[in-house]
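Chains as they are written, first to last, in the working numbering: chain D, -4 to 318; chain A, 17 to 314; chain F, 67 to 410. The C-beta atom is built at its ideal place from N, Cα and C for all residues, glycine as well. Working notes, structure below.
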Amino acid sequence: MACESESGMSVLEVQNLKVYFESVWGNYKVVDGVSFKTHKNEVFSIAGESGCGKSTLVDGILRLIKPPGHIHSGKVIFEGTNLLEIPEDEFRRIRWVKIAYVPQGAMNSLNPVLRVEEQITDAILDHSNMSKEESRELAISMLEKVSLPVEVARMYPHELSGGMKQRVIIATAIALNPILVIADEPTTALDVVVQKSILQLLGSLKENYGMTTIMISHDMAAHAQIADRIAIMYAGKVVEIGSIYDVFEQPLHPYTKGLISAIPSIGKKYVKSISGLAPGPLNWPKGCRFHPRCPSAMDICSEVEPTMKDVSSERHIACHLYE
Amino acid sequence: MSELLGSLKQRSSVFISLFKRSPALLVGVALFSLLLFLAIFEPIIDQYRLEGHKATELGYFVKFLPPSLKHPLGTDQFGRDVLGLHLIGLKFSLIIGVFAGGIATLISVCIAIIAGYRGGITDTILNGITNSILVIPSLPVLMVVAYYTRLNLIGMCLTLAAFSWPWSTRIIRSQVLTLKQRSYIELARVSGLNDFEIMFTEILPNLIPYIIIGFATSVTGAIFAETGLRILGIGPARVLSLGLLIQQALQYGLLTQKRYLEVTSLTLFLIIIFVSLNLINKGMDEVFNPKLKKVTGQ
Amino acid sequence: MLKLGKISRIAVFALKRLLTYTVTLFLAFTVIFCILRLIPGDPWSRFIDNLRILQLNPQISQNVIEAFRHKFGFDKDVFTQYLLYMSNLFLKFDLGLSVSSYPTSVQAIIMRSLPWSIGLLGTCVLISWSIGIVAGALVGWKSRSKWSSAIFTIALGMSQIPYYIMSILLIMFVAYGLALLPARGAYSASVTPGLNSAFILSVIRHAFLPALSIVVISFLYWLVSTRALTMNILGEDYLLFAEAKGLKKIRILNRYVLRNVLLPQSTGLAMSLGFVVNGAYVVEWLFQYPGVGTLLVNSLRYLDYNLAQGAILMSIVVVLTANFIMDFIYPLIDPRVHMQGKGD
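So, in structure tokens, the structure goes:
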């Protein structure tokens, strides 16, 4: 493992996590050895194309993987314990209280037959000794914190817009003051205007509540808006990690370069996309997984898989160009 | 010729793969085929077993014989071989089921396609009628019709069909509604086919799995109803269905006489009919509606 | 608090549903009336024969016969009979007089049988539905355990057998074979009806086998369908979110699974009532249970048109009323339902 331990507290440390899906045709190696650390009070972004394994990574960390998927190997260290090894019961107690989750597709994540306030209070009640009244008050104050009017509490999910539902989910997530909030594609399926406000909300969690946030998204612009550090994922592995400024201004990995130049922005004369299609998890290419699409591929790239190395402190890259 | 063989091979491999995907379907079809076989070959089976006499012939064998190799279920109070009688019962029950079910399915397919495809007022009215018939308890009405009109076999089938078509209409209609949205329907419309042609050449072939499910459901419903009516004493006297045999069993007090074997055999035949049809339905559902989401990666 | 707009919306909805049901009732009824009148067979001569036997008088004057004919309205043509009957029915709720049990009114006779039918059916339906749903949710929840697949296969097989098959087997094996429970009637002749424990016990004993025939199969049917529904729900995003929230399992089962299963299964319940009544009538007959089913069969045998019509009408009315009540319950269960028609 090339990533040396940094000084400073890491809130979550993922070590070589592998999540595989079994099928008749073989193992889908959707997450194939991912390692990273998140620091306290930061927004840590994970970026990549669809299919690179980001969402599965999160499901793995949160132990939400369902058969035929399973966690093949790896560790997820949180507050000194490996989350993957503790019994289900114990993990349930950590859920939400310490680690909250804002899932992809808030549209369907709310129970259609329960009122909004019930969906916030049920988590509160199952994790604390508060009375119903107290939990209700807490729920309402959460709604205020995400700038939703109090009336929303008694409404049902189908009466809310997409953006409002996303805010409700976030309100639920911060209700128990977790240490870590993981948001998976929080802005997909929302319109642009709403996206900005949701991102602002997520970005503010660290300042206002001291929460560490991990954000998954394929939208580089979203990362640009609120991330402190970013990890780029490709084909089930992390290829680059660094501070948001460093990575955007000086992308090292050819894939990262491609991603950044593909972002449209006012003033950019042309947008260059990455040629080819992302490969499938059943048959990752031999050697460096990006080599078939890489403009700077060398001979070694099709033979040997590059390992993660430090370029400087806080800057890690897995590419033969930098060895 | 080789083309024919080739396409037959293709078709049969399709069937084989269907069965592989659903053991329920396999068991259901196997059981039902067995029953059909017994029913169709019943005259021959009986000829062979009963030394050329018909099972309904009175007094040929000794009365009340206990079960033996020659008479696996013994003989009844009229000296008739019980198994032979039951096989005839099976035959008639299946005939009624298949014919009534077939007519009902025919009706329901037409109504479902027209209602689903046309939409609008036609759909509202047809759907309304279908739902109304579904909601109402049909047996009382059936009882009246069957009792007073002294039906024969065909009449019985028609009457049963008239009450059981709504069940499969719902299933087929919702499938028609789904299919209507598909793009090849738009294509067909644009290419100038008229409504009837579209309905019967484009939509119908895609409904075949559902029609099969509808058929199995209708057959079940028809046999349910016929047997039920028989038990109440209603139905054509010459049609010796399993239901009539049960009614006779009740009448002759076989239940109080605790003639377990005979009565259980009757109920068992009926149970197997219903179970096999149900398995076919569930099996078809499993194969054509795989609802369980199987995650194979992102 | 109910606002005026909401009240009027509910009222409009109620009227619309009422109208639909009434139209259905009317049509069904007309069909039955016609069938009864247009068939061969004369209830009439039976009645006269009955009278002769009762009066021990083989000669009854033509006047008397005519008077009775007039009383029953059989002297008028079919159409007039129809109009008379309909107007009696809808305006006065009068079902006419029974031909076979003259001079008792059809209503009185039906009212004696109706409580037995509703009691039996009501209890069976409620028990089998509620327990079936909970069991189905549990089995669907633990759908990966071997235990649940085995139960399921058996349940699947048995759920599609008519109630009467179960009745026959129960009668033969339990009532006659083991002589554990009675096979006929609603209560034993030796007890006096009333609120005494002997009577109540007798009623329960007599209702046990008929109820069992219905409950077992009905329960299995609900188990199977709820299991399928539950397995679908388990794949939904809100279930995943509930799990991520670290909610207690019992809460998830209760508020996330069961509550979402409730609406489709309630709709299903209403739709299944016609089927249940059909099956229950045959069960009643087998056990000679004094409900509307047995009444109907007997009325047909005695060629008592009025009674038969009345019994059929009652059956349809009960089912439609239950549906009507359910229409009001749906919005309470599922907030997404706004007093609309039961569309697909």
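* So which residues on chain F does Y276(A) lean against when the C-beta distance must stay under 8 Å? -> M238, F239, G243, listed in chain order.
* To do: For T33(D), write down the residues that DSSP places opposite it in a beta bridge.
  => The partner list for T33(D) (beta bridge, DSSP) reads L7(D).
* To do: Enumerate, from N- to C-terminal direction, the unbroken alpha helix (DSSP H) stretches of 4 or more residues contained entirely within the stretch 93 to 170 of chain A.
  => You should have 98 to 134, 136 to 151, 154 to 164.
* Determine the extent of the alpha helix (DSSP H) in which K314(F) is found, giving its start and end residues. => Counting along the chain, no alpha helix (DSSP H) covers K314(F), and no H or E run does either.
* Asked: In whole angstroms, what separates the C-alpha of I227(D) from that of K32(D)?
  -> Between the C-alpha atoms of I227(D) and K32(D) there is a straight-line separation of about 13 Å.
* What do you get for K274(A), buried or exposed, if any count of 16 or more other CB atoms within 10 angstroms of its CB means buried? -> Flag for K274(A) reads exposed.
* Asked: So is H272(F) buried or exposed if we call it buried at 16+ other beta carbons inside 10 Å?
  -> It counts as buried.
* **Opening and closing residue of the beta strand (DSSP E) in which E235(D) lies** => Element bounds for E235(D): 232 to 238.
* Asked: Is there contact between the stretch 107 to 124 of chain A and the stretch 220 to 240 of chain A, where contact requires at least three CB pairs shorter than 8 Å?
  -> They touch, by the three-pair rule.
* **Three-state secondary structure assigned by DSSP to T72(A)** => In the structure shown, T72(A) sits in coil (DSSP, three-state: anything other than H, G, I, E or B).
* With a threshold of 16 other CB atoms inside 10 Å of the CB of D370(F), please say whether the residue is buried or exposed. => By the neighbour-count rule (16 or more Cβ atoms within 10 Å), D370(F) is buried.
* Exposure label - G64(D); buried when at least 16 CB within 10 Å -> G64(D) comes out buried.
* Asked: So, helix, strand or coil for M215(A), using DSSP?
  -> In the structure shown, M215(A) sits in a helix (DSSP, three-state: H, G or I).
* Segment contact flag, the stretch 107 to 120 of chain D with the stretch 132 to 147 of chain D, C-beta cutoff 8 Å, min 3 pairs -> In the pairwise beta carbon analysis, the stretch 107 to 120 of chain D is classified as touching the stretch 132 to 147 of chain D: at least three pairs are separated by under 8 Å.
* Should S118(D) be flagged as near chain F, meaning a C-beta pair shorter than 7 Å? -> One detail in the question is off: residue 118(D) reads as Ala in this sequence, not Ser. Closer than 7 Å to some Cβ of chain F, the Cβ of A118(D) qualifies, so yes.
* Asked: If we ignore side chains and look at the alpha-carbon of each, how far apart do Y276(A) and L122(A) end up?
  -> CA-CA distance, Y276(A) to L122(A), rounds to 40 Å.
* To do: Verify whether the separation of the beta carbon atoms of Y304(F) and N278(D) is less than 7 Å.
  => Cβ atoms of Y304(F) and N278(D): not closer than 7 Å.
* Cβ shell of I127(A) (< 6 Å), same chain only, five flanking positions each side left out -> Sequence-distant partners of I127(A) (beyond 5 residues in either direction) whose C-beta falls short of 6 Å from its own C-beta, in its chain, are L142, T185.
* Asked: In whole angstroms, what separates the C-alpha of F265(F) from that of Q354(F)?
  -> A straight-line Cα-Cα distance of about 18 Å links F265(F) and Q354(F).
* Look up T251(D) in the DSSP assignment and say whether it is helix, strand or coil. => DSSP places T251(D) within a helical segment (H, G or I) once states are collapsed to three.
* **Simplified DSSP state of N305(A), which is helix, strand or coil** => In the three-state scheme derived from DSSP, where H, G and I count as helix and E and B as strand, N305(A) is classed as coil.
* Asked: What residues in the stretch 351 to 372 of chain F bring their beta carbon closer than 9 Å to a beta carbon of chain A?
  -> The stretch 351 to 372 of chain F vs chain A, Cβ under 9 Å: W351, L352, V358, G359, L362, V363, L366, R367, L369.
* Rounded distance between the beta-carbons of L245(A) and L158(A), thought under 8 Å -> So it is a contact: roughly 7 Å between Cβ atoms.
* What's the gap between the Cα of V383(F) and the Cα of A46(A)? -> When rounded, the distance between both Cα atoms is 42 Å.
* Are the C-beta of G75(A) and some C-beta of chain F separated by less than 7 Å? -> G75(A) is outside the set of residues whose beta carbon lies under 7 Å from a beta carbon in chain F.
* Give, in chain order, every unbroken run of the alpha helix (DSSP H) that is at least 4 residues long and sits entirely within the stretch 350 to 401 of chain F. => Correct list: 358 to 367, 371 to 399.
* the stretch 109 to 138 of chain D: which residues have C-beta closer than 7 Å to a C-beta of chain F, in chain order? -> Flagged, chain order: L109, D117, A118, D121, H122.
* To do: Can you give me, in chain order, the residues of the stretch 158 to 171 of chain A that have a beta carbon less than 7 Å from any beta carbon in chain F?
  => Look at the stretch 158 to 171 of chain A: the residues with a C-beta under 7 Å from a C-beta of chain F are M159, V160, V161, Y163, Y164, T165.
* Asked: Is the number of C-beta pairs between the stretch 148 to 162 of chain A and the stretch 212 to 224 of chain A that are closer than 8 Å three or more?
  -> No contact exists between the stretch 148 to 162 of chain A and the stretch 212 to 224 of chain A.
* Asked: To which residues of the same chain is L295(A) closer than 6 Å at the C-beta, ignoring the five residues directly before and after it?
  -> Only A40, V43, G44 meet the Cβ criterion.
* Asked: At what residues does the beta strand (DSSP E) containing L175(D) begin and finish?
  -> For L175(D), the uninterrupted beta strand (DSSP E) run begins and ends at 175 to 179, by DSSP.
* To do: Report the rounded CA-to-CA distance for A313(D) versus S142(D), giving the unit in angstroms.
  => If I take the Cα positions, the gap works out to 41 Å.
* Closest Cα partner of G340(F) within the set L319(F), A374(F), P181(F), I378(F) -> If we check each option's Cα against that of G340(F), I378(F) comes out closest.
* Quick one: is D410(F) near chain A, going by C-beta distance under 7 Å? -> With a pLDDT of 30 at D410(F), under the threshold of 50, the predicted position of this residue should be treated as unreliable, and no value is reported.
* Asked: Just reading off the alpha helix (DSSP H) that M232(F) is part of, what are its end residues?
  -> Counting along the chain, M232(F) sits inside the alpha helix (DSSP H) bounded by residues 229 to 236.
* So which residues on chain A does V191(F) lean against when the C-beta distance must stay under 8 Å? -> The premise fails here: V191(F) is roughly 13 Å from chain A at the closest Cβ pair, so nothing lies under 8 Å.
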